[in-house]
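Residue numbers (this note's numbering): 582 to 728.
Rendered as structure tokens:
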């Protein structure tokens, strides 16, 4: 199967497939004319890679599952020792995501707290365009800025 066919069957792009190959997540042979040719398990492998990425795993996380990517992952997770390895990788990824969520929550809370400060002053003319407002803001003299 050629790269375009694999992309069509898996709902991805040829660029993504080349990237997966660069990262060691996908393998191909070359035809006599130099085209990438993928084997029968490529569709399953690409779907598994995409599912893991969509689940929040990074490409580096997915690399730890590479030997299982040609099989039905839910079945592998249920019946193999991968469960222990996968759990560790998953738990690490959840911890990373929790940290990001906490940071984003703090950022949101800060912004919500500052929203009243961002309200348009009553004496400033209203406009649909930010550039109009910027142009109408009176310039302060250097002495006024220092206060």
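All C-beta atoms, glycine included, are put in the ideal place defined by N, C-alpha and C. Source: prediction; values computed, not measured.
Put simply, of 700, 593, 685 the residue whose alpha carbon is nearest the alpha carbon of residue 624 is 593. In the pairwise beta carbon analysis, the stretch 633-652 is classified as touching the stretch 596-608: at least three pairs are separated by under 8 Å. Residue 632: member of the alpha helix (DSSP H) spanning 623-635, first to last residue. In the structure shown, residue 607 adopts coil according to DSSP, grouped into three states. In the three-state reduction of the DSSP assignment, residue 583 falls in the strand class, which pools E and B.
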